[in-house]
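Trainee: If you scroll down you'll find the structure; I have some questions about it.
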Amino acid sequence: YYDNNTVIYFNGNFVKATEARIDLYGQSLHYGYAVFEGIKSYKTENGIQIFKVKEHYDRLRKSAQVMHMPFDYTTEQLTELTYKVLELNGLSDAYIRPLLICSPNMGLSKGQKSYLTIEAWEWNNGYLANKMRIKTSPYQRPNPRAFHVEAKVSGHYVNSILACQDAKDSGYDEALVLDAKGYVAESSGANVFYEKEGVLYTPEKGSILPGITRATVFEICRELGIPYKEKLFTPDEMRGADAGFFCGTAAEIVALESLDDVPFAKNWEDTLSAKVQKAYRNLVVGKELEEFKLQLK
Ligand code: PMP
2 YYDNNTVIYF
12 NGNFVKATEA
22 RIDLYGQSLH
32 YGYAVFEGIK
42 SYKTENGIQI
52 FKVKEHYDRL
62 RKSAQVMHMP
72 FDYTTEQLTE
82 LTYKVLELNG
92 LSDAYIRPLL
102 ICSPNMGLSK
112 GQKSYLTIEA
122 WEWNNGYLAN
132 KMRIKTSPYQ
142 RPNPRAFHVE
152 AKVSGHYVNS
162 ILACQDAKDS
172 GYDEALVLDA
182 KGYVAESSGA
192 NVFYEKEGVL
202 YTPEKGSILP
212 GITRATVFEI
222 CRELGIPYKE
232 KLFTPDEMRG
242 ADAGFFCGTA
252 AEIVALESLD
262 DVPFAKNWED
272 TLSAKVQKAY
282 RNLVVGKELE
292 EFKLQLK
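Each residue of the sequence shown is one higher than the last, beginning at 2 in UniProt numbering.
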C-alpha cells in the first residue's frame, strides 16, 4: 500500500506515510470508532477523474454526523485535497481511503477531536474477469437497531472480516451475509443483485450499506431500460437464478458463479447483468452511456 515515498493527507498537512503518527490512547483504535470511505479514481479521456466523488464525501459527512464526530470539511475542500494526494503520488488508477479518526479520549462519550487522513494506492482491475463462488454466511450483518448500518463505520467491518474469513476457510471466494430475519443483506464489502427472467433484484435498505455503486446500477438500468426491483428475498430465491453479481467501488461489478455450490443458470455473457457490468466500466472511464447504448446495438 505504501513505501518510503508515499505521501498522505494528515490533518492539515501532506506528510510521508511513514512519518504520520497517531497516539495509542484513542477511541478509534480501541473501539472501532472511526468513519471512512472507499473511492476510486480512473484515467479517462478527460484526465484523471475521481468517480462519484461528491456522493462519497457526502456519505462521509453523514457517517461522521450520525456518529457524533467533529468534521468540518466541505466536499469541495475534500475533493481538492484528494486530487492533490493523487498528484503528489503520481497516481491515476487508484483506490482512495479517507479515514476520520477520533483521538485522544478513552471514554465512551462522543469524540472531542478528530483527524482526517487520506491515503491512496494504485489499483488495477485485472481480476474483473473472475467469477466468484460464494456461500451463505453463518454470521449475520450488524443489527440496525444496534448500529447505524447505513454509515461506513470502521467497527462494522469486524463483522465483515469474520464473514469473509469464514467463506475463505470453507473454500469459497466470498460470503453472502443475511440479516437477523434470514433475508439476504450484502457481502462483506459489497452489495448484491440477482437476475431472474429479465429483472434485476437487490435487497431494499434496512440492513445494508446503500452503496454508491448500487445506486449507479439503478442509474444504468434506467438508461438501458432494464427493470429492477428493491425487495427482501431469501438465499433460496437467489440460488439457481439466471445470474448474480456483487457491486461496490472496489469490486465494481463482479459476476457470481454459484451460491452454496448451486450455479447461476445462464451463461454470464448472455445476461442483462453482463450489459450492466460493461456499462459501468464505460461510465467509470468517462464514456457516456449514450455512447455505450450505440455500441450495444
Ligand atoms: N456494502 C458494504 C458492507 C461495503 O463495505 C461496501 C463498500 N463500500 C458496499 C456495500 C458498496 O458500497 P459502494 O458501492 O458505495 O462502494
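Just so you know, even glycine gets a beta-carbon here, dropped at the ideal spot from N, CA and C. Everything numeric in this text was worked out from a predicted model, so none of it was measured.
1. Measuring alpha carbon to alpha carbon, tell me which residue in Glu198, Gly108, Ser208, Gly199 is nearest asparagine 192.
2. Where alanine 252 and leucine 201 are concerned, what is the direct C-alpha to C-alpha distance, given to the nearest angstrom?
3. Going by DSSP, which residues form a beta bridge with tryptophan 122?
4. Could you tell me whether the Cβ atoms of alanine 18 and isoleucine 102 are closer together than 9 Å?
5. Answer yes or no: the CB of asparagine 192 versus the heavy atoms of the ligand PMP, is any distance below 8 Å?
6. Going by other Cβ atoms of all chains shown within 10 Å of its Cβ, with 16 needed for buried, is glutamate 120 buried or exposed?
7. Can you tell me which of the three DSSP states glycine 156 falls into?
8. Taking the beta carbon of threonine 75 as the centre, do at least 16 other beta carbons fall within 10 Å, making it buried, or is it exposed?
9. Is glutamate 289 buried or exposed, if buried means 16 or more other CB atoms sit within 10 Å of its CB?
10. What did DSSP end up calling alanine 35 once you bin it into helix, strand or coil?
11. Scan the segment 210-268 and note each continuous alpha helix (DSSP H) run of 4 residues or more that stays entirely inside, going in chain order.
12. Under 8 Å, with one C-beta from each stretch per pair, do the segment 171-191 and the segment 54-64 reach the 3-pair mark?
13. Quick check on this structure: which residue in Phe148, Ile49, Ser274 has the alpha carbon closest to the alpha carbon of valine 285?
14. How would you call leucine 25, buried or exposed, if buried means at least 16 neighbouring beta carbons within 10 angstroms?
15. Taking Cβ to Cβ, would you say residue 1 is nearer than 9 Å to glutamate 175?
16. In the DSSP output, which residue or residues are listed as bridge partners for glycine 27?
17. Let me check you understand the geometry: is the CB of glutamate 151 closer than 8 Å to at least one non-hydrogen atom of the ligand PMP?
18. Within the chosen definition, does the segment 154-172 reach the segment 275-282 through at least 3 CB pairs nearer than 8 Å?
19. If you reduce the DSSP assignment to three classes, tell me which class valine 67 lands in.
20. Return the bridge partner residues of residue 346 from the DSSP annotation.
21. How would you label serine 110, buried or exposed, when you count the other beta carbons within 10 angstroms and need 16 or more for buried?
22. Taking 8 Å as the cut-off, is the CB of tyrosine 184 close to at least one heavy atom of the ligand PMP?
23. For lysine 55, which of helix, strand or coil comes out of DSSP?
24. Hey, would you say glutamate 198 sits closer than 9 Å to glycine 245, going by beta carbons?
25. Can you have a look at asparagine 90 and say buried or exposed, based on whether 16 or more other CB atoms are within 10 angstroms of its CB?
26. Residues in its own chain within less than 7 Å of alanine 186 by CB, not counting five upstream and five downstream?
Mentor: On the basis of the data shown:
1. Looking at the Cα atoms, Ser208 is the closest of the given residues.
2. 18 Å
3. Tyr96
4. No, the pair does not count as a contact, with Cβ atoms beyond the cut-off.
5. yes
6. Buried: at least 16 other Cβ atoms inside 10 Å.
7. Reduced to three states, the DSSP call for glycine 156 is helix.
8. exposed
9. exposed
10. strand
11. 213-225, 236-239
12. no
13. Ile49
14. exposed
15. Within the shown structure, residues of the chain are numbered from 2 to 298, placing residue 1 beyond reach of any answer.
16. Glycine 27 is not bridged to any residue.
17. No, the beta carbon of glutamate 151 sits no closer than 8 Å to any heavy atom of the ligand PMP.
18. no
19. helix
20. Residue 346 is absent from the model: the chain starts at 2 and stops at 298.
21. exposed
22. no
23. helix
24. no
25. Taking all protein chains shown into account, asparagine 90 has 16 or more neighbouring C-beta atoms within 10 Å of its C-beta and is therefore buried.
26. Arg142, Val178, Leu179, Asp180, Pro204, Ser208, Ile209
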